Amino acid sequence: MKLTLALDQGSHASRAILFDETGSIVDSAVEDVELYTPDNVRAEHDAGQLLDSVNTVIRRVLDSAGDLDRIVNCGIAVQRSTALAWDAAGASCGAVLGWQDVRAADSLPALAENAEEIRRVSGLPISPYYGASKLHWLLNEMSLSGFSDADRPRLSPLSSFLLYHLLENQPYVIDHSSAQRTQLFDIHTLDWSETLAQWFGVPLHYLPACMPICVDYGRLKHGGIPVTAVCGDQSAAMVGAGELHEDTVLVNIGSGAFLLRKLRRYRGSENLLTGIAYSDAETVKYLREATINGAGSALDWAVKTWGIPDLLEKLPYWLETVYNPPVFINTVGGLGTPWMRGAMEPTLIGASQETTDAERAVAVIESIVFLIRLNLDQISRELPVTRLRLSGGLSRLDGLCRKLCNLSGLPVERSDDMEATARGVAWLATGQPRRWNRAGWMDCLTSKTDPGLEQRYRIFQAELERLLA
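Numbering (the numbering used here), first residue to last: 1 to 469.
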C-alpha cells in the first residue's frame with residue numbers, strides 16, 4: 001500500500017505522520033520545541049532546534065516504515081509568520097522570530113498613509129505579527145558589509161529555511177500561502193511586490209522565489225521522497241477539515257485561534273484577512289480569516305503569571321464546576337482581528353483576594369470564546385454563518401465548545417481528528433483523492449440560553465471598547 005508523509009512544524013512541536021491511501025494514520029512521531037517568551041514583545045525559537053526536531057521525527061517514522069519505496073510523496077506545513085535571517089551556507093544569523101513576536105512594531109506607524117494600498121495588495125492590514133516588519137528588523141540587525149553577492153544573506157519565513165535543509169536540491173523557495181503572510185506578496189499577481197518591499201524596507205533580492213502550494217519542490221534527503229505540497233499551517237488545517245460550505249466557519253484553536261472560511265472568489269475585507277487557501281500552476285483559491293492571538297498561549301501566560309499548577313489537567317473539571325468567573329481581558333500577544341493592536345497588559349475584572357485558580361482559568365477560556373464571538377460577528381456581515389466546526393487542541397475541552405455554542409447561538413461540530421493540519425497537507429501532496437478520510441465530525445452541539453455568560457460577554461465588550469477608545 002502506498003503511503004504519504006506529512007510534516008507539521010508548529011509553535012510547540014514538530015510532527016511527522018504517515019497516511020495510507022485511504023487517509024488513515026499508519027504511524028506518527030512528535031518532538032516538542034521551545035518557544036522563548038521573556039516578555040509580551042519577544043517570541044523566539046532556536047533555528048537549530050527546530051530543524052533538529054523535524055529531522056528527528058522524519059527519522060523515527062521512516063525507520064519504522066521499513067520499505068521506503070512505499071512512501072510516494074510528502075507534504076510540509078509550517079507556521080506562517082515566523083521569520084529568520086540566514087546565510088548562503090544555511091546557518092541562521094540569530095534567533096528565529098516567532099509569529100507572536102512584535103519587537104518591530106515601532107517601525108510601522110510611518111506606513112499609516114499607505115495602509116489602504118497595503119491591505120489591497122497584500123490582503124492584510126499593517127501588523128507586526130506578519131513577516132515584513134520582522135524581516136526589516138532582522139536586516140537592520142545584521143552587518144552586511146562583509147557579504148558579497150554570492151554569499152548574500154537570506155531573509156525568509158521559516159519554511160524556506162526548512163526546505164533548504166530538508167531537500168536534496170537545497171532550493172531557496174517559498175510557497176504562496178507563506179509568502180503572502182509576509183505582507184510583501186501581491187495576492188493578485190502571486191509574486192513579491194516591489195512597492196511593498198520598498199515601503200517595508202526589505203530588498204527583494206534577499207527573498208526566496210515564490211512557488212505554488214502544489215508543485216514539485218524536489219526530494220527529501222531522507223529516503224528521496226518527492227515533496228509535492230508545501231503550505232502554511234492554517235491553509236492545511238482548512239483543507240484537512242473536509243469540504244466546507246460557505247456558510248460554515250472552521251475555528252482552529254491552538255496557540256492562537258483562527259477562524260477560516262472558504263471564499264468562492266477573491267474578495268477583500270476592511271476588518272478581516274484575505275489569504276490563499278490553495279494554489280497550483282493554474283488555479284488559486286482564497287479564504288477569509290480572523291485571528292485571535294491569545295488562545296493556548298493565553299493559558300501558558302496564566303500558568304506563568306499566576307503560577308497555576310497542572311492547569312490543563314484541571315481545566316475540564318473547572319469548566320464544569322465554575323459558574324461565575326471574573327472577566328479576563330485577553331490581550332495576551334496583543335489583539336488580532338479586527339483591531340490589530342500590539343502588546344497591551346491583560347487585566348482581570350471582578351477579581352478579589354478570594355478569586356481561585358479555577359475561576360481565573362475559566363475566565364481565560366471564556367475570553368477566548370468572547371473573542372471568537374466578536375470575530376464571528378464580523379464574518380457574518382459578509383455572509384450569514386449557520387454552523388461552526390472546531391478543530392485543534394483546545395477543541396477537546398467540552399466546556400469551551402459548549403460556551404461557544406451557547407454564546408454564538410450556532411450549532412457546533414467537533415473534529416475527531418487532532419491532526420487536521422498534517423492530514424490537510426498530506427491530502428494535497430497525494431493529489432486530493434476523493435477516496436480519502438478527510439475528517440470525522442462529532443458532538444453536534446445545539447445552543448442553550450446562558451444569561452451569566454451573556455452578561456460577562458457584555459462586560460468584556462464594554463471594557464474592550466473603553467481600552468481601545
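By construction, the Cβ of each residue, glycine as well, lies at the ideal position given by its N, Cα and C atoms. Please read these numbers as outputs of a predicted model, since none were measured by experiment.
Discussion item. Quick check: what's the CA-CA separation for H45 versus V102?
Written reply: What you label residue 45 is simply residue 45 of the sequence shown in a count that begins at 1. What you label residue 102 is simply residue 102 of the sequence shown in a count that begins at 1. Here the alpha carbons of V102 and H45 stand approximately 14 Å from one another.
Worksheet item: Does the Cβ of D175 have 16 or more other Cβ atoms within 10 Å, making it buried, or fewer, making it exposed?
Response: Position 175 of the sequence shown, counted from the first residue, corresponds to residue 175. With 16 or more other Cβ atoms within 10 Å, it is buried.
Worksheet item: Which stretch, first to last residue, makes up the beta strand (DSSP E) that contains E116?
Response: The sequence position of residue 116 within the sequence shown is 116, counting from 1. From DSSP, E116 is part of no beta strand (DSSP E) but of the alpha helix (DSSP H) over 115-122.
Practice prompt. Look at E413 and R396 and say whether their C-beta atoms are less than 8 Å apart.
Written response: Reading the sequence shown from its first residue, position 413 is the one you call residue 413. Reading the sequence shown from its first residue, position 396 is the one you call residue 396. The beta carbons of E413 and R396 sit no closer together than 8 Å.
Fill in: Where the beta strand (DSSP E) through M418 begins and ends
As a position in the sequence shown, residue 418 is number 418, starting the count at 1. Per DSSP, M418 lies in no beta strand (DSSP E) segment and is marked neither H nor E.
Worksheet item: Among E320, L299, T305, which residue has its Cα nearest to the Cα of L311?
Response: One-based indexing of the sequence shown puts residue 311 at position 311. Across the set E320, L299, T305, the C-alpha of L299 shows the shortest separation from the C-alpha of L311.
Discussion item. Is the beta carbon of G232 closer than 8 Å to that of R181?
Written reply: Counted from its first residue, the sequence shown places residue 181 at position 181. Counted from its first residue, the sequence shown places residue 232 at position 232. Cβ atoms of R181 and G232: closer than 8 Å.
Practice prompt. Let me know if Q170 comes out buried or exposed under the rule of 16 or more other beta-carbons within 10 Å of its beta-carbon.
Written response: Taking the first residue of the sequence shown as 1, we reach residue 170 at position 170. Exposed, since its Cβ has fewer than 16 Cβ neighbours within 10 Å.
Fill in: alpha helix (DSSP H) runs contained entirely in the region 126-181, provided each spans 4 or more residues
The region 126-181 contains these whole alpha helix (DSSP H) runs: 131-141, 158-166, 176-180.
Worksheet item: Contact between the region 232-244 and the region 358-375: three or more CB pairs below 8 Å?
Response: In short, these stretches do not touch, since the Cβ pair count stays below three.
Item to complete: Could you pull the start and end residues of the alpha helix (DSSP H) that R59 belongs to?
Response: Within the sequence shown, the letter at position 59 stands for residue 59. Segment 47-65, the alpha helix (DSSP H) holding R59.
Item to complete: Could you work out which residue in K262, L272, G294 is closest to V284 when comparing CA atoms only?
Response: Here the question's residue 284 lines up with position 284 in the sequence shown. Here the closest residue by C-alpha is K262.
Practice prompt. Using three-state DSSP, classify K221 as helix, strand or coil.
Written response: Position 221 of the sequence shown holds residue 221. DSSP places K221 in coil when its eight states are reduced to three.
Worksheet item: Among L158, L244, Q100, P226, which has the Cα closest to the Cα of V385?
Response: Indexing the sequence shown from 1 puts residue 385 at position 385. Between V385 and the set L158, L244, Q100, P226, the nearest pair of CA atoms involves L244.
Practice prompt. Kindly confirm or deny that the region 93-109 and the region 127-142 touch, where touching means at least three C-beta pairs closer than 8 Å.
Written response: Below 8 Å, enough C-beta pairs join the region 93-109 and the region 127-142 to call them touching: three or more.
Practice prompt. Tell me, to the nearest whole angstrom, how far the beta carbon of F460 is from that of V327; I am working on the premise that it is less than 8 Å.
Written response: As a working mapping, residue 460 is identified with position 460 in the sequence shown. As a working mapping, residue 327 is identified with position 327 in the sequence shown. About 5 Å separates the two Cβ atoms, so the contact holds.
Fill in: Bridge-paired residues (DSSP) for T274
Against the sequence shown, residue 274 aligns to sequence position 274. Looking at the DSSP output, T274 bridges to R288.
Worksheet entry | Cβ-based burial, R267 [other Cβ within 10 Å; buried from 16] | Within the sequence shown, the letter at position 267 stands for residue 267. Looking at its Cβ environment, which holds fewer than 16 other Cβ atoms inside 10 Å, R267 is exposed.
Worksheet item: Using DSSP with H/G/I as helix, E/B as strand and the rest coil, what is E382?
Response: Along the sequence shown, one-based indexing puts residue 382 at 382. The DSSP-derived three-state label of E382 is coil.
Worksheet item: Can you tell me whether DSSP reads A491 as helix, strand or coil?
Response: In the structure as shown, the chain starts at 1 and stops at 469, and residue 491 therefore has no counterpart that could be examined.
Discussion item. Quick check on DSSP: helix, strand or coil for G392?
Written reply: Residue numbering aside, residue 392 sits at position 392 when the sequence shown is read from its first letter. Here G392 sits in coil by DSSP.
Practice prompt. Count the other C-beta atoms from every protein chain shown that fall within 10 angstroms of the C-beta of K403, then say buried if there are 16 or more, exposed otherwise.
Written response: For the purposes of this step, residue 403 is identified with residue 403 of the sequence shown, where counting begins at 1. Buried, by the Cβ-count rule.
Practice prompt. Measure the CB-CB distance between A229 and A429 and report whether it falls below 8 Å.
Written response: Start at 1 with the first residue of the sequence shown, and residue 229 comes out as number 229. Start at 1 with the first residue of the sequence shown, and residue 429 comes out as number 429. A229 is a Cβ neighbour of A429, given a cutoff of 8 Å.
Worksheet item: In angstroms, rounded to a whole number, what distance separates the CA positions of L204 and S178?
Response: Indexing the sequence shown from 1 puts residue 204 at position 204. Indexing the sequence shown from 1 puts residue 178 at position 178. Distance between the alpha carbons of L204 and S178 is about 16 Å.
Practice prompt. Go ahead and pull the three-state DSSP assignment for M211.
Written response: Locating residue 211 in the sequence shown gives position 211, counting from the first residue. DSSP places M211 in strand when its eight states are reduced to three.
Worksheet entry | Option nearest G350 by Cα separation, candidates E270, R456, E246, A241 | Locating residue 350 in the sequence shown gives position 350, counting from the first residue. Nearest of E270, R456, E246, A241 to G350, Cα basis: R456.
Practice prompt. Report yes or no: do three or more beta-carbon pairs, one from the region 80-97 and one from the region 18-32, lie closer than 8 Å?
Written response: The region 80-97 is not in contact with the region 18-32.
Worksheet item: Which residue or residues does DSSP assign as beta-bridge partners of T4?
Response: Here the question's residue 4 lines up with position 4 in the sequence shown. Paired residues: F19, N73.
Item to complete: Would you give the residue range spanned by the beta strand (DSSP E) that N252 belongs to?
Response: Taking the sequence shown and counting its residues from 1, one reaches residue 252 at position 252. Annotation for N252: the continuous beta strand (DSSP E) segment containing it runs 248-253.
Discussion item. Could you compute how far the alpha carbon of A290 sits from the alpha carbon of G123?
Written reply: As a position in the sequence shown, residue 290 is number 290, starting the count at 1. As a position in the sequence shown, residue 123 is number 123, starting the count at 1. Cα-Cα distance, rounded: 12 Å.
Discussion item. With DSSP as the reference, identify every bridge partner of E479, one or two as the case may be.
Written reply: Outside the shown range of the chain, which is 1 to 469, sits residue 479, and nothing can be said about it.
Item to complete: Provide the residue(s) that pair with Q9 in DSSP beta bridges, ordered along the chain.
Response: Here residue 9 refers to the residue found at position 9 when the sequence shown is read from its first residue. Residue pairing by DSSP places Q9 opposite S14, V78 in a beta bridge.
Discussion item. Going by beta-carbon coordinates alone, are A132 and F200 separated by less than 8 Å?
Written reply: For the purposes of this step, residue 132 is taken as residue 132 along the sequence shown, with counting starting at 1. For the purposes of this step, residue 200 is taken as residue 200 along the sequence shown, with counting starting at 1. Cβ distance < 8 Å, so A132 and F200 count as in contact.
Worksheet item: Out of curiosity, what's the CA-to-CA distance linking E532 and N271?
Response: No statement about residue 532 is possible, as the shown extent of the chain runs from 1 to 469 and does not include it.
Fill in: Proximal residues to W301 (C-beta, below 6 Å), its chain only, five neighbours per side dropped
Taking the first residue of the sequence shown as position 1, residue 301 is located at position 301. Only V332 meet the Cβ criterion.
Practice prompt. Reducing DSSP to helix, strand and coil, say where G452 ends up.
Written response: Numbered from its first residue, the sequence shown carries residue 452 at position 452. Helix, per DSSP.
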